[in-house]
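Numbering (this note's numbering), first residue to last: 1 to 468.
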């Protein structure tokens with residue numbers, strides 16, 4: 001090989017060595033600014049991004065999370081940024097708080113105290129849980145079936161054993177409806193609420209009914225609203241004629257108190273609804289589990305419902321009656337929803353709310369001078385619609401509460417409930433009307449009208465004309 005060839009082959013090697021020397025030993029130059037300094041606000045904004053829950057930093061750590069955190073720590077150290085964590089570390093220690101919850105544990109949200117097991121529960125969404133009490137549950141079903149069959153089918157004992165006392169404690173009575181379903185309801189609502197309900201029964205049958213019997217036994221004429229002499233009434237007749245209305249007044253008073261207690265929740269709902277109505281709240285601001293039907297849709301539904309009630313000839317409705325439906329419906333739907341959340345729909349006093357609605361409606365009609373027979377139908381229509389609204393409000397709230405516990409979307413639940421209600425009304429409504437027409441027995445008005453009308457033949461004739 002010639003010297004010329006060796007020289008030509010050594011040229012690339014020499015060039016590579018020169019480049020290596022250039023990058024390995026750079027010449028010293030005077031310092032000069034290259035990029036602007038990192039500001040505190042700029043650094044804070046980036047730290048907030050890392051601290052956001054979307055980064056899942058509070059979830060159980062994975063190996064990839066640990067490697068990512070270690071890389072960030074090395075970069076912070078390289079930039080010589082002082083640590084701001086616990087004990088001079090770049091990490092923040094989050095202590096786990098362990099609490100033992102009891103049935104008396106409460107949680108306050110927006111000023112409203114919530115009770116564990118009634119208003120909220122501790123659950124893990126999306127996880128599977130093994131139920132090891134299935135044997136006990138099915139054993140309870142079997143015992144309840146055997147008890148109910150022996151009592152109702154074979155009549156081995158009375159459904160409601162009762163002891164009625166004689167003088168001097170006349171009309172006082174003790175009875176007990178011991179059935180599997182009521183025992184189950186009592187277990188669900190707990191001893192406190194069950195004791196309150198039992199106390200109401202004791203007050204009615206051992207105090208109020210004997211007092212009414214004692215003071216009214218000597219009356220020679222029926223005492224309104226009763227239709228017969230008190231001396232001829234038993235405990236159940238006195239309850240239906242007098243004590244029932246006392247209970248309805250208690251339900252109305254409790255409803256008003258419950259409404260005042262619910263004002264923070266109602267105000268929060270109205271405020272969020274107005275924000276939704278005015279478009280001040282974007283869809284991204286609301287979590288999926290808090291998305292309800294739009295207030296525009298709800299308002300349109302209320303208007304259409306009121307219009308349908310006013311235009312229905314069989315209801316004999318007028319604007320005042322429609323207004324009473326809206327007012328009493330708002331009151332008792334709120335009460336029904338709250339009671340359903342606290343004690344369940346099985347103990348929801350729908351009948352008491354209906355009687356209270358009828359009493360207040362008739363009182364308002366009396367004040368404005370609406371005492372004709374046609375107004376009876378209007379008052380009953382108001383009471384019937386409010387009764388249905390309160391019942392649906394309670395069961396709907398129970399469905400929404402269950403959905404919340406399992407992580408459902410309220411808006412989708414509400415759509416499903418509306419579809420089910422409309423379909424059942426369209427299918428069952430005509431069937432019930434036909435059954436009512438087939439089983440209706442017509443009788444003279446004088447036999448079924450109230451006592452005051454039955455005593456006056458002229459008013460009975462007017463009543464017959466008004467009901468045609």
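No residue lacks a Cβ here, since even glycine has one placed at the ideal position from N, Cα and C.
These numbers were taken from a predicted model, which means no experiment stands behind them.
Exercise. Look up residue 175 in the DSSP assignment and say whether it is helix, strand or coil.
Key: Working through the chain shown from its first residue, we reach residue 175 at position 175. Residue 175: strand per DSSP, three-state reduction.
Quiz item: Assuming residue 219 and residue 246 make a contact with CB atoms under 8 Å, what is their CB distance in whole Å?
Solution: As a position in the chain shown, residue 219 is number 219, starting the count at 1. As a position in the chain shown, residue 246 is number 246, starting the count at 1. The pair is not a contact, with the Cβ atoms about 18 Å apart (cut-off 8 Å).
Quiz prompt | CB contact flag (residue 383, residue 333, <9 Å) | solution = Taking the chain shown and counting its residues from 1, one reaches residue 383 at position 383. Taking the chain shown and counting its residues from 1, one reaches residue 333 at position 333. No.
Practice problem: Return the Cβ separation of residue 213 and residue 230 in integer angstroms, given the expectation that the two are a contact with Cβ distance under 8 Å. | Solution: Counted from its first residue, the chain shown places residue 213 at position 213. Counted from its first residue, the chain shown places residue 230 at position 230. About 6 Å separates the two Cβ atoms, so the contact holds.
Quiz item: Considering only the beta carbon of each residue, do residue 336 and residue 318 sit closer than 9 Å?
Solution: The residue given as residue 336 occupies position 336 in the chain shown. The residue given as residue 318 occupies position 318 in the chain shown. No; because the gap between Cβ atoms is not below 9 Å, this pair is not in contact.
Exercise. Select from 408, 350, 378, 351 the residue whose C-alpha is nearest the C-alpha of residue 362.
Key: Position 362 of the chain shown holds residue 362. Measuring from the Cα of residue 362, the nearest candidate turns out to be 378.
Exercise. In the DSSP assignment, find the unbroken beta strand (DSSP E) run with residue 472 in it and report its ends.
Key: Absent from the model: residue 472. The displayed extent of the chain is 1 to 468, so no value can be given.
Quiz item: According to DSSP, is residue 368 helix, strand or coil?
Solution: Counted from its first residue, the chain shown places residue 368 at position 368. Coil, per DSSP.
Quiz item: Under a three-way DSSP split, which group does residue 185 fall into?
Solution: Translated into the one-based positions of the chain shown, residue 185 becomes position 185. Looking at residue 185 - three-state DSSP - the assignment turns out to be helix.
Quiz item: Within 10 angstroms of its Cβ, does residue 205 collect 16 or more other Cβ (buried), or is it exposed?
Solution: For the purposes of this step, residue 205 is identified with residue 205 of the chain shown, where counting begins at 1. Burial call: buried.
Self-check item: C-alpha gap between residue 236 and residue 286, whole angstroms
Solution: Residue 236 sits at position 236 when you count from the first residue of the chain shown. Residue 286 sits at position 286 when you count from the first residue of the chain shown. Computed Cα separation, rounded: 53 Å.
Quiz item: Three-state secondary structure (DSSP) at residue 360?
Solution: Working through the chain shown from its first residue, we reach residue 360 at position 360. Note: residue 360 maps to helix in three-state DSSP.
Quiz item: Do you know how far the Cα of residue 239 is from the Cα of residue 223?
Solution: As a working mapping, residue 223 is identified with position 223 in the chain shown. As a working mapping, residue 239 is identified with position 239 in the chain shown. Roughly 13 Å separates the two Cα atoms.
Quiz prompt | Among 435, 399, 432, 113, the one whose alpha carbon lies nearest that of residue 418 | solution = Taking the chain shown and counting its residues from 1, the one referred to as residue 418 is at position 418. Ranking the options by Cα distance to residue 418, first place goes to 399.
Quiz item: Hey, out of 389, 199, 183, whose CA is closest to residue 346's CA?
Solution: Numbered from its first residue, the chain shown carries residue 346 at position 346. Among 389, 199, 183, the Cα nearest to that of residue 346 is on 183.
Self-check item: Close Cβ partners of residue 83 (< 7 Å) along its chain, the five nearest in sequence each way excluded
Solution: For the purposes of this step, residue 83 is taken as the residue at position 83 of the chain shown. Excluding residues within five positions, the ones whose Cβ falls inside 7 Å are 89, 90.
Exercise. Look up residue 224 in the DSSP assignment and give the residues it is bridged to.
Key: Indexing the chain shown from 1 puts residue 224 at position 224. DSSP output for residue 224 lists no bridge partner at all.
Exercise. Leaving aside the five residues before and after residue 70 along the sequence, list all residues of the same chain whose C-beta is less than 6 Å from its C-beta, in chain order.
Key: Translated into the one-based positions of the chain shown, residue 70 becomes position 70. Excluding sequence neighbours, residue 70 sits near nothing in its chain.
Quiz item: Starting from residue 289 and walking both ways along the beta strand (DSSP E), at which residues does that stretch end?
Solution: Within the chain shown, the letter at position 289 stands for residue 289. No beta strand (DSSP E) holds residue 289; DSSP gives it neither H nor E.
Quiz prompt | Same chain only: Cβ atoms within 6 Å of residue 273, ignoring 5 sequence neighbours per side | solution = By 1-based counting over the chain shown, the position of residue 273 is 273. Taken in chain order, the residues that qualify are 295.
Quiz item: Identify the residues that DSSP records as bridge partners of residue 410: which are they?
Solution: For this step, residue 410 is matched to residue 410 along the chain shown. DSSP lists no partner for residue 410.
Quiz prompt | Those residues which DSSP pairs with residue 113 across a bridge | solution = Counted from its first residue, the chain shown places residue 113 at position 113. BP columns for residue 113 point to 108.
Exercise. Since I believe residue 173 is in contact with residue 164 (beta carbons under 8 Å), could you give me their beta-carbon distance rounded to a whole number of angstroms?
Key: Taking the chain shown and counting its residues from 1, the one referred to as residue 164 is at position 164. Taking the chain shown and counting its residues from 1, the one referred to as residue 173 is at position 173. Contact holds; Cβ gap of about 5 Å.
Practice problem: Please classify residue 155: is it buried, with 16 or more other beta-carbons within 10 angstroms of its beta-carbon, or exposed? | Solution: To locate residue 155, count along the chain shown from 1; it is residue 155. Under this definition residue 155 is an exposed residue.
Quiz item: Between the beta-carbon of residue 344 and the beta-carbon of residue 243, is there less than 9 Å?
Solution: Along the chain shown, read from residue 1 onward, the residue named residue 344 stands at position 344. Along the chain shown, read from residue 1 onward, the residue named residue 243 stands at position 243. Not closer than 9 Å, so no.
Quiz item: For residue 402, which of 341, 354, 368, 373 has the nearest alpha-carbon?
Solution: If you number the chain shown from 1, residue 402 lands on position 402. Considering only alpha carbons, the answer is 341.
Quiz item: On the three-state DSSP scale, how would you describe residue 12?
Solution: Counting from 1 along the chain shown, the entry for residue 12 is found at position 12. Any answer about residue 12 is weak, because its pLDDT of 48 lies below 50 and its placement is not dependable; what the coordinates show is given next. If DSSP states are grouped into helix, strand and coil, residue 12 belongs with the helices.
Exercise. Using 10 angstroms around the beta-carbon of residue 44, count the other beta-carbons present and answer buried if the total reaches 16, otherwise exposed.
Key: Your numbering for residue 44 matches position 44 in the chain shown. Exposed: under 16 other Cβ atoms inside 10 Å.
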